[in-house]
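Those protein sequences? They're chains A and B, same order as listed.
Quick note on numbering: this note's numbering labels position 250 of the first sequence as 236, and the sequence is numbered without any gaps.
If you want this note's numbering, it's the 1-based position in the second sequence plus 31.
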Amino acid sequence: MSELLVKNKSIVVPGEELASGMDFLPSFGTYRDKDIIVASRLGMVNVEGKVIKITPLSGKYNPRRGDMIIGKIVDVSYSGWRVDTNSAYPAMLSIKDATSEFINRGADLTQFFDVDDYIVASIFNITSQKLIDVTMKGPGLRKLVGGRIIQINTNKVPRIIGKQGSMISMVKDATGCKIIVGQNGLLWLTGEPKMELLVVETIKKIEDEAHMSGLTEKIKNFLEKKTGKKIEPREEVRNDDMRMNRNDEVRRER
Amino acid sequence: MVNKMDRADILKSLNENLRIDGRKLLDTRKIEVEYSISKNAEGSARVKFGGTEVLAGVKLSVGTPYSDRPDEGSMMVEAELSPMSNPEFEAGPPDIQAVELARVVDRGIRESKAIDVKKLCIKEGEKCWLVCIDIVTINDEGNLIDASSLAALAALKNAVFPKLDGENVDYKSKTTKKIPLSKEPISVTVCKIGNHFIIDPLTAEEKIIDARLTIASTEGKLCSLQKGGDTPISIEDIDKMVEIGMKTADEIRKVLE
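Here's what the structure looks like:
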């Protein structure tokens, strides 16, 4: 005899009982205690068939292998750089993963990246102790020069990117700005000053209304009103937008 | 909201008469003042300039006047830059930035002669009131000087004397007597970036300014100046900055009413 104890799409707090009986399966943000499924995170309940998961509403970034992140260099050492990942764990970028250039022994590493520089990097390894290794070898991975960095809620990153990168490419097309969204909740953008402000405003709007349906349409109308131009949704999605979108898939590590 | 921006990008924006948060060059952020926020202080205020938040408290105690000013009470200002308000601030004794902040706030109030120090004297040469203003930053998103000055002034306006029975001060019972405040000195910091003048700078802007000038003024009257930043400024620039500063001060003064 299994039954749901909360409504689908309701907001729950850690410790709240979600369902009883063995017919339901705990997924992300939940765990089973005897025959009861209990929430372990603050967020919205999603029941898909038998699977119960929680879409978190807040919380710090939890690093995952393969994520493209925007990091800040916080230290330069002999063998590489220490990178702040906007999560609880710092990352290491070692020389061999930083560049394909030849670097002499004892060379001044600040000529590549200095403290306070921002980089786009990809996580290629996380140990069980959550020591993160990042690499800069890969398409689009580079040092960020100019522009502005803003911080957003990590859990809203999938909505900001949209399905197949639809949302972010729409914002890019409408404003003509270059935008990079890191999975860790940092976002880099550059363009015309007025358009940069519009991007910031739009991103804030997406963040605030992330839980609503028909968001892409709403943002499209918003951007059309602001720019006074008609926006054609892009037929084919560019590669760089796609790559950022790995987060669409359901997170099922637990 | 903005974590980091280069000088070139900020200048590009300023050339289009636009600040990086969408304001015009000579606009302030939204200013909020809240009075009586501390139970134990004689007067207190919380001031917000957008995301910047500062608390100020006024403590009144009885002491002896300085021997060269036997008929005057005294005033002092201390500031603490809490490490919670900005990751760049360190705990411990006040650093150069905290000392400057306290001194600029102090000078604005002192040189405007806003407090009638003669009225703070209880018995000439023996006893007088000491006005102690403490400033704590809660969040730093730029322009701590102006926010702190306004908070200090608001706390002074808010303060009432505690009851004095003979030797001791009874802090638990308050009188209705206010601190003798005749003027309202308002500080405005005008920053120079390239050829542009801006007021109420954000943290990102503060990092790249050429020069700044803090102008404290009462209605139409200049009280004190403090110059900061690495580059010198010409006399014409100072004239312009003072004009901007005094005009803005009149607008900020309205918030206090």
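Virtual Cβ for every residue (Gly too), placed ideally from N, Cα, C.
Model, not experiment: these values are computed from the prediction.
One Cα belongs to Q97/A, the other to D119/A, and the distance between them is close to 21 Å. Leaving aside the five residues that flank E121/B on each side, the residues in its chain whose CB is nearer than 8 Å to its CB run, in chain order, P114. Within the segment 23 to 54 of chain A, the runs of beta strand (DSSP E) that reach at least 3 residues and sit entirely inside it are, in chain order, 29 to 34 and 37 to 42. Per the coordinates, the alpha-carbon of S265/B lies some 14 Å from the alpha-carbon of I224/B. Within chain A, not a single residue places a beta-carbon under 8 Å from that of K61/B; the smallest gap is close to 16 Å. Proximity of I135/A to chain B, defined by a Cβ-Cβ separation below 7 Å, is satisfied.
Taking CB atoms only, L42/B has no neighbour in chain A less than 7 Å away.
Note that the segment 33 to 45 of chain A does not touch the segment 64 to 82 of chain A; fewer than 3 beta-carbon pairs, one per stretch, sit closer than 8 Å. As the crow flies, the alpha-carbon of N207/A is around 30 Å from that of D58/B. Contact annotation for A39/B against chain A: G132 [CB-CB distance below 9 Å, chain order]. Note that the C-beta distance between A178/B and V286/B is not below 7 Å.
Boundaries of the alpha helix (DSSP H) around P179/A: P179 to D194. Residue-level contact by beta carbon fails for P76/A and chain B, as no gap is shorter than 7 Å.
Within the same chain, and ignoring the five residues on either side of C222/B in sequence, the residues whose Cβ sits closer than 6 Å to its Cβ are I229, P232, I240 and R243. Think of a sphere of 9 Å around the beta carbon of E47/B: the chain A residues whose beta carbon falls inside it are E178, P179 and K180, in chain order. For P96/B, the number of other beta carbons within 10 angstroms of its own is at least 16, and it is reported as buried. Within the segment 89 to 116 of chain A, the residues whose Cβ lies closer than 9 Å to any Cβ of chain B are, in chain order, D102 and Y104.
Against chain A, the CB of K238/B has no partner CB under 7 Å away; the residue lies outside that interface.
For M107/B, no chain A residue has a Cβ inside 7 Å of its Cβ, as the nearest lies near 37 Å away. For the segment 77 to 88 of chain B, the beta-carbon criterion of a distance under 9 Å to any beta-carbon of chain A is satisfied by none of its residues.
For M277/B, the CB contacts under 8 Å within the same chain, skipping 5 residues up- and downstream, are V219, I246, S248, G251 and L253 in chain order.
The beta carbons of S(-4)/A and V31/A sit closer together than 7 Å. Relative to the Cα of L28/A, the nearest Cα in the group I22/A, E218/A and T41/A belongs to T41/A.
Listed along the chain, the chain A residues whose CB falls inside 9 Å of the CB of M115/B amount to none; the nearest CB is some 17 Å away.
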